[in-house]
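For reference, the structure is listed below as C-alpha cells.
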Amino acid sequence: PMYGVTQTEITKAKIAAKAKARFQDPVFREKFINSEKKRRYHESRRGVKVGSSVEKVSLTCQFCGAICQMMPSMANRKDKKYCSYTCSVNAQHGKTVTTDLEIRQAALDFALQHEDELFTVRLNRLKPLFQPLYDSIAEKHGIVDIRTICQAVTGKPCSRKELLFYLRASVENVRGAIANQEAIEPEDKKPLG
C-alpha cells in the first residue's frame with residue numbers, strides 16, 4: 087500500500103485482479119503461504135521479534151563451561167574467554183597467590199631497565215610507560231587487570247601513580263645498595279697515609 091495516497095476504485099480492482107491471478111498458480115500459492123519472509127513479517131507486525139538481527143556464534147566459557155551466544159566481533163577479541171565479567175574476575179582470583187613474587191620481580195626488573203623514564207615521566211603519561219610491563223605480565227601469567235597487577239607489586243590496591251612512586255623508591259633502594267657495596271669493595275679504598 088502507498089501510505090498517504092488515496093487510490094481509485096479502478097486501481098484497487100486492477101491490483102486485486104493481478105493478485106488473484108497470481109494465486110491461481112499452486113506453486114506460487116504454496117511458496118507464499120509457507121514463506122519465511124511472510125512469517126517474519128507477520129511476527130514483526132505483532133511486535134514479536136523472531137530470530138536475531140545479527141548472526142551469532144557460540145563461545146564456551148573457560149571458567150564455568152557455559153555456552154553463550156554473542157556477535158562474531160565480540161567473540162573474536164583476543165581476551166574474550168569468559169561469558170561474563172563475573173567469570174573473568176573469578177578466573178583471575180587466586181592466580182596472584184602463586185605469581186605475586188614473579189610479577190613483583192618482573193616489575194622491579196622493568197623499573198631497573200627504565201629507571202631514567204621512571205624519574206622523568208609526567209604523571210599524565212603513565213599508561214604508555216607501563217604498557218610494556220602490563221603486556222608482558224598478561225602474556226606470561228594471563229592477568230590483564232591493571233589493578234590486580236598493581237596490587238601484586240605493591241601488596242595493596244593502588245593506582246598507577248602509587249605504583250610509579252613504589253617503583254621509584256625501589257630503584258632508589260637498589261641504587262643505594264649498589265653504592266654501598268661499591269664503597270665497601272677493597273680496590274675502591276685508597277690507602278691511608
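Per the working numbering, residue 87 is the first one in the sequence shown, and the count goes up by one each step.
For each residue, glycine too, the CB sits at the ideal point set by N, CA and C.
Inter-residue spacing [alpha-carbon to alpha-carbon] between residue i and residue j
i	j	result
PHE118	ARG108	10 Å
ARG190	GLU122	60 Å
VAL260	LEU204	14 Å
SER144	ALA192	36 Å
SER170	SER139	22 Å
CYS154	LYS106	47 Å
TYR127	ALA103	23 Å
DSSP state of residue i mapped onto helix, strand, coil
i	result
THR146	strand
VAL169	Contrary to the premise, residue 169 reads as Cys rather than Val in this sequence. It is coil, neither helix nor strand.
ILE153	strand
GLU141	coil
TYR127	helix
GLN217	helix
ARG208	coil
CYS236	helix
GLN199	helix
Residue i classed as buried or exposed, judged by whether at least 16 other C-beta atoms fall within 10 angstroms
i	result
HIS227	buried
SER159	exposed
VAL239	buried
ILE235	buried
ILE223	buried
SER130	exposed
Taking contact to mean 3 or more Cβ pairs, one atom from each stretch, closer than 8 Å, check whether the stretch 244 to 258 and the stretch 211 to 229 are in contact. yes
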